[in-house]
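The block underneath contains the structure these notes are about, expressed in structure tokens.
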Amino acid sequence: MSTGHVVVVGGSLGGLRAAEQLRAAGHDGPVTVVGEEPWLPYNRPPLSKEVLADPGDHDPARLHAGIAFRRRASVEDVEFRVGRRVVSADLARRALALDDGTALTYDGLVVATGLRARRLAVPGPTEGRHVVRTLDDACALRAAIADASQVVVVGAGFVGCETAASLHTLGLPVTVVHPEAVAFEPALGREVGAAIQRHLEAAGITFVSGVGVAAYAGVGAVAGVLLDDGRTLEASLVVEAVGSACNTEWLEGNGLDLSDGVLTDNDLRVVGAQRVVAVGDVSRFPNPLFGPDLGARPRRVEHWSMPTDTAKRAAATLVADLAGTPGPDTPFAPTPSFWSDLLDLRLQAYGSPALGSELRLEEGDLARLGDGAVVTYHHDGALVGVLAVNIPPARLRALRDRFAAPVAVH
Amino acid sequence: MKITVDMAKCEDHGQCAIAAPVAFRMNDDGKLEHDGEVDDAYLDEVEEAADVCPVQAILIGA
Chain A
1 MSTGHVVVVG GSLGGLRAAE QLRAAGHDGP VTVVGEEPWL PYNRPPLSKE
51 VLADPGDHDP ARLHAGIAFR RRASVEDVEF RVGRRVVSAD LARRALALDD
101 GTALTYDGLV VATGLRARRL AVPGPTEGRH VVRTLDDACA LRAAIADASQ
151 VVVVGAGFVG CETAASLHTL GLPVTVVHPE AVAFEPALGR EVGAAIQRHL
201 EAAGITFVSG VGVAAYAGVG AVAGVLLDDG RTLEASLVVE AVGSACNTEW
251 LEGNGLDLSD GVLTDNDLRV VGAQRVVAVG DVSRFPNPLF GPDLGARPRR
301 VEHWSMPTDT AKRAAATLVA DLAGTPGPDT PFAPTPSFWS DLLDLRLQAY
351 GSPALGSELR LEEGDLARLG DGAVVTYHHD GALVGVLAVN IPPARLRALR
401 DRFAAPVAVH
Chain B
1 MKITVDMAKC EDHGQCAIAA PVAFRMNDDG KLEHDGEVDD AYLDEVEEAA
51 DVCPVQAILI GA
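Top to bottom, those sequences are chains A and B. One point on numbering: in the UniProt record's numbering, the residue at position 290 of the first sequence is 290, and numbering is uninterrupted. One point on numbering: in the UniProt record's numbering, the residue at position 27 of the second sequence is 27, and numbering is uninterrupted.
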């Protein structure tokens, strides 16, 4: 079945999986993947963990080889144009403009442009300030570690705390500054966040909670962090882990809802466009896994499992739309999943703990997280998330399978 | 099909055992055990297991 030329914009996990799943769904026409980074698709989670663990080597090509995704044989003939950015799209004409002045036309389009790291907009020197989103970011950070004497990490979410843990393990003094009352508060709730923060503090990482950054001090390079409560923290190296922004500017002018990523229907079709689907953490879709109320509200999910899950569904949808045949007829209700390694803690979550309005400690003691704990998150009486800390992996399937069968929202 | 796991990369996350219990199991010590050869009928499951491996340690058909 040939269904024309499909262009995938975005060359990370979502872009790769989209290409593989287009082939799996029967698309045998040409596929072009355009990726802004100069690298073939690679796995990002190690950037804040394994990649920082051995700062001696910062040759990006060698680091890339260690985390590059294997590509299925089915995508051998897919063209990966790396180091190229799509600057604008005319969806009515099915035409894309690239940053080298060339144009690309398509019959079907996959939006997989993901997110970029936010940076703090505060006064002060820019040298010595790092983010951790891309391989090049991680290489720059690795190169800076050798001369660092005091690290400040801004932000206490997953990227911030994992980076703090990795740098602490290297023997660097690390302080985490963040505006919430406790680490991980938005993602995991106050009680669990407090317990994880206490665990990291007991290991020697300092937290300064409930304050923001007002400015950076220093001449030429960062020497300190000025907090908005008037204090100053000494810092020779700063990592900003303050969230991300959606890469959707290239889609502007087409009448799409880009208020938070790209709005799609439950089959990942971009609302307001024809033969366009969106995958990964940039797609905002309803997920009936979370019931008729919460599940009907389109949400973006930034967990690592999402590009793979959404690519599978989006490819099936796009191939059917291109062929003019009916698409999948069951609700798309993926179970989000994420993990985090923080010193001796392994967190594994299913569902979306962030949606929980009530939390139950089912097993273990939050004061002794290292010994294992299971926490469930609920909303209106329904289970919306499970968090396991240091629980044997043989038990994870049972935890994941506790989510009820979804209710259709069509 | 043949299945290879790079045990130097494997961190015993156990996601493969959820996706493809036919090929992957976590033992009582929390360590991965897997079959080196699985019937081709299970290709979809095994491919999913390779996709969801957080450290991308699973190689199919090599």
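Think of the CB as a built atom: it goes at the ideal place given N, C-alpha and C, for glycine as much as any other residue. These numbers were taken from a predicted model, which means no experiment stands behind them.
Straight-line gap, residue i to residue j (C-alpha atoms, nearest Å)
| i | j | result |
| --- | --- | --- |
| A/G204 | B/Q15 | 31 Å |
| A/L366 | A/E79 | 49 Å |
| A/G224 | A/A146 | 18 Å |
| A/A215 | A/V176 | 16 Å |
| A/E363 | A/L342 | 20 Å |
| A/G101 | A/A24 | 32 Å |
| A/F332 | A/A273 | 20 Å |
| A/L96 | A/E234 | 47 Å |
| A/L359 | A/R400 | 17 Å |
| A/S74 | B/E47 | 12 Å |
| A/V301 | A/P336 | 8 Å |
| B/G30 | B/K9 | 15 Å |
| A/D344 | B/E11 | 13 Å |
| B/A19 | A/V174 | 38 Å |
| B/D44 | B/V22 | 11 Å |
| B/A50 | A/T126 | 40 Å |
| A/S12 | A/K312 | 15 Å |
| A/G327 | A/A314 | 10 Å |
Beta bridge counterpart(s) of residue i as assigned by DSSP
| i | result |
| --- | --- |
| A/H168 | DSSP lists no partner for A/H168. |
| A/D90 | A/A95 |
| residue 94 of chain B | Only positions 1 to 62 of chain B appear in the structure, and residue 94 of chain B is not among them; the question remains open. |
| A/D341 | A/R346 |
| A/F207 | A/V176 |
| A/S244 | A/A117 |
| B/I58 | B/V5 |
| A/M306 | In the DSSP output, where bridge partners are listed per residue, A/M306 has none listed. |
| A/F158 | The partner list for A/F158 (beta bridge, DSSP) is empty, contrary to what the question assumes. |
| A/L104 | A/L96 |
| A/E234 | A/G224 |
| A/F403 | For A/F403, which the question treats as bridged, DSSP gives no partner whatsoever. |
| A/L361 | A/V375 |
| A/V110 | A/V8, A/V277 |
| A/S283 | A/V262 |
| A/T32 | A/V7, A/E79 |
| B/F24 | B/H34 |
| A/L387 | A/A349, A/V375 |
Exposure label - residue i; buried when at least 16 CB within 10 Å
| i | result |
| --- | --- |
| B/N27 | exposed |
| B/G36 | exposed |
| A/M306 | buried |
| B/L59 | exposed |
| A/V33 | buried |
| A/E20 | buried |
| A/A408 | Only weak support is given to the placement of A/A408: the predicted model assigns it a pLDDT of 42, under 50, and the value that follows is read from those uncertain coordinates. A/A408 should be labelled exposed. |
| A/E185 | buried |
| A/S259 | exposed |
| A/R133 | buried |
| B/T4 | exposed |
| A/H410 | Low local confidence applies: a pLDDT of 38 at A/H410 is under 50, so the model's placement there is unreliable, with the coordinate-based value given in what follows. When all chains shown are included, A/H410 counts as exposed. |
| A/D321 | buried |
Top-ranked residue by Cα proximity to residue i, from the options
| i | options | result |
| --- | --- | --- |
| A/P393 | A/G381, A/V374, A/T169 | A/V374 |
| A/L263 | A/G272, A/R284, A/Q274 | A/R284 |
| A/V51 | A/I67, A/G291, A/C161 | A/I67 |
| A/P334 | A/Y350, A/Y42, A/D344 | A/Y350 |
| A/C139 | A/T105, A/V282, A/R62, A/A320 | A/R62 |
| A/G243 | A/T126, A/E127, A/G155 | A/G155 |
| A/P179 | A/A245, A/G160, A/G220, A/H168 | A/G160 |
| A/E249 | A/V6, A/G10, A/V87 | A/V87 |
| A/D107 | A/L396, A/L91, A/P46 | A/L91 |
| A/V7 | A/L47, A/Y42, A/L13, A/R94 | A/R94 |
| B/V38 | B/H13, B/Q56, B/G61, B/D6 | B/G61 |
| A/L22 | A/N390, A/D77, A/D329 | A/D77 |
| A/H303 | A/L115, A/A148, A/S149, A/L200 | A/L115 |
| A/W339 | A/L135, A/F158, A/G124 | A/F158 |
| A/G356 | A/R368, A/R346, A/Y377 | A/Y377 |
| A/V122 | A/P326, A/R44, A/V222, A/R71 | A/V222 |
| A/E36 | A/L120, A/L135, A/R299, A/I196 | A/L135 |
| A/N247 | A/D54, A/R71, A/T113 | A/T113 |
| A/V389 | A/L369, A/G128, A/G56 | A/L369 |
Presumed contact (8 Å Cβ cut-off) between residue i and residue j, rounded CB distance
| i | j | result |
| --- | --- | --- |
| A/G193 | A/V182 | 4 Å |
| A/V110 | A/V279 | 6 Å |
| A/D281 | A/V271 | The pair is not a contact, with the Cβ atoms about 18 Å apart (cut-off 8 Å). |
| A/T3 | A/A323 | 5 Å |
| A/L387 | A/P353 | 6 Å |
| A/L396 | A/Q348 | 6 Å |
| A/V277 | A/L318 | 5 Å |
beta-carbon residue i near the ligand MG non-hydrogen atom, thresh 6 Å
| i | result |
| --- | --- |
| A/A156 | Absent from the structure shown: the ligand MG. Ligands present: none. |
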